[in-house]
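Peer 1: One structure, as structure tokens, below. Some questions next.
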Amino acid sequence: MNKPILNVGETLTVSSKSNTPVNGFFYAVYNADNNPTGNSPTVVCTGTGTNAQCPNGGTPMILSDPNNKTDGTGLRTSGSAKQVTNIQINAYFSLNGGQWSYPEAKCVTFTKMGAACVPTWTPDPALTCTGTDVTQTSNCGGTRVVPGTKSCAEVGVCTEVALYAKTATGYSTTPMTVAQRNALHIGDKIRIAITGSKANLKARFRVFIDDAVETPEWKMGQAYSAANHLTMYFSDYEITKAGNYKFEGQVSSK
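Take the sequence shown: its position 215, counted from the start at 1, is 396 in this note's numbering, and no numbers get skipped.
Okay, structure coming up:
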């Protein structure tokens, strides 16, 4: 026998030799797990039938040598059985279709079924962003392609709101200091710049004067201030009355 352990899906070759010329071999398969007396394992049954050795139905599993010279009536060249853990195989001989040999200890061999492999797939698709496929491999040797399940959509957030003073030639490139903001007067105009956490976010802002929101509530950004499209600005916002001003910005990908 060429395999001491037989795994699921594998095949097994059993061969034997006799000490006298014979022209037929067959092999009976026994379940060594069901051997209550220690020297009489039960047969492995397969298919249909009412054989007395198969109390739950079926026929004893007998495998025939494909090179038998006798007609092999009643013998089968293949069969299947419910999986067992330990298997005993006995070899029997005959000459010219005569009586089959008695079971001999030297003509007995054993094998056992290996445990079925339970696949574990890596890498975890939860580590790959949705919209991207990941090729997984298993401990059983298989490969497959599955979609990633990780949500990688970046949520844009407002990271800064800055005010810029208007000058005779345009707007300052340096944000206003606290002192400059406190020195604003009615009629002064400023630029409000809103910076987001990612490029191409749309920006809007609103102004609270003495904790009351100015109407209309939202003012939309007009253009990006640089090629990276991180900062959107609104120009010529005018201070219209005295009070405490608070500027609030929001960004959106829509």
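Backbone N, C-alpha and C define an ideal beta-carbon position, used for all residues, glycine too.
Buried or exposed: which applies to residue 188, given that a residue is buried once 16 or more other Cβ atoms fall within 10 Å of its Cβ?
Peer 2: Numbered from its first residue, the sequence shown carries residue 188 at position 7. Exposed: under 16 other Cβ atoms inside 10 Å.
Peer 1: Apply the 10 Å Cβ neighbour rule to residue 226 and answer buried if 16 or more other Cβ atoms are within range, or exposed otherwise.
Peer 2: By 1-based counting over the sequence shown, the position of residue 226 is 45. It is buried - the Cβ of residue 226 has at least 16 other Cβ atoms within 10 Å.
Peer 1: Per DSSP, what kind of secondary structure is residue 257 in: helix, strand or coil?
Peer 2: Numbered from its first residue, the sequence shown carries residue 257 at position 76. For residue 257, the pLDDT reaches just 44, beneath the cut-off of 50, and the residue's location in the model is therefore unreliable, although a value from the coordinates is still provided. Strand.
Peer 1: I'd like the list of long-range same chain contacts for residue 391, defined as Cβ closer than 6 Å, with 5 residues on each side in sequence excluded.
Peer 2: As a first step, residue 391 must be located in the sequence shown, where it is residue number 210. Once the five neighbours on either side are set aside, the close Cβ partners of residue 391 are 424 and 425.
Peer 1: Does DSSP classify residue 328 as helix, strand or coil?
Peer 2: Position 147 of the sequence shown holds residue 328. It is a strand residue.
Peer 1: Using 10 angstroms around the beta-carbon of residue 377, count the other beta-carbons present and answer buried if the total reaches 16, otherwise exposed.
Peer 2: Taking the sequence shown and counting its residues from 1, the one referred to as residue 377 is at position 196. Buried: at least 16 other Cβ atoms inside 10 Å.
Peer 1: Take the Cβ of residue 368 as the centre, count every other Cβ of all protein chains shown within 10 Å, and call the residue buried at 16 or more, exposed below.
Peer 2: Taking the first residue of the sequence shown as 1, we reach residue 368 at position 187. It is exposed - the Cβ of residue 368 has fewer than 16 other Cβ atoms within 10 Å.
Peer 1: State the start and end residues of the unbroken beta strand (DSSP E) segment that holds residue 269.
Peer 2: Indexing the sequence shown from 1 puts residue 269 at position 88. 267–275 is the span of the beta strand (DSSP E), which, as asked, contains residue 269.
Peer 1: If I follow the unbroken beta strand (DSSP E) through residue 212, where does it start and stop?
Peer 2: For this step, residue 212 is matched to residue 31 along the sequence shown. Per DSSP, residue 212 belongs to the beta strand (DSSP E) from 205–212.
Peer 1: Could you tell me which residues DSSP pairs with residue 302 in its beta bridges?
Peer 2: For this step, residue 302 is matched to residue 121 along the sequence shown. BP columns for residue 302 point to 319.
Peer 1: According to DSSP, simplified to helix, strand and coil, what is residue 349?
Peer 2: Along the sequence shown, read from residue 1 onward, the residue named residue 349 stands at position 168. Of the three classes helix, strand and coil, the one that applies to residue 349 here is coil, per DSSP.
Peer 1: Using 8 Å as the threshold, is the C-beta distance between residue 271 and residue 209 below it?
Peer 2: Along the sequence shown, one-based indexing puts residue 271 at 90. Along the sequence shown, one-based indexing puts residue 209 at 28. For residue 271 and residue 209, yes; Cβs fall inside 8 Å.
Peer 1: Just how far apart, CA to CA, sit residue 269 and residue 201?
Peer 2: Taking the sequence shown and counting its residues from 1, one reaches residue 269 at position 88. Taking the sequence shown and counting its residues from 1, one reaches residue 201 at position 20. Each residue's alpha carbon lies about 24 Å from the other.
Peer 1: Going by alpha carbons, who is nearest to residue 429 out of 346, 341 and 274?
Peer 2: Counting from one through the sequence shown, the residue named residue 429 turns up at place 248. It is 341.
Peer 1: Please state if the CB of residue 302 and the CB of residue 317 are separated by a distance shorter than 8 Å.
Peer 2: As a working note, residue 317 is residue 136 in the sequence shown. As a working note, residue 302 is residue 121 in the sequence shown. The answer is yes: Cβ separation under 8 Å.
Peer 1: Mind checking residue 258: buried by the 16 CB within 10 Å criterion, or exposed?
Peer 2: Translated into positions along the sequence shown, residue 258 becomes position 77. Its pLDDT being 47, under 50, residue 258 is placed unreliably in this model, and the value from its coordinates should be taken loosely. Exposed is the call here.
Peer 1: Can you tell me which of 313, 273, 215 and 229 puts its alpha carbon nearest to the alpha carbon of residue 205?
Peer 2: Within the sequence shown, numbered from 1, the residue matching residue 205 stands at position 24. For residue 205, the nearest C-alpha among the options comes from 273.
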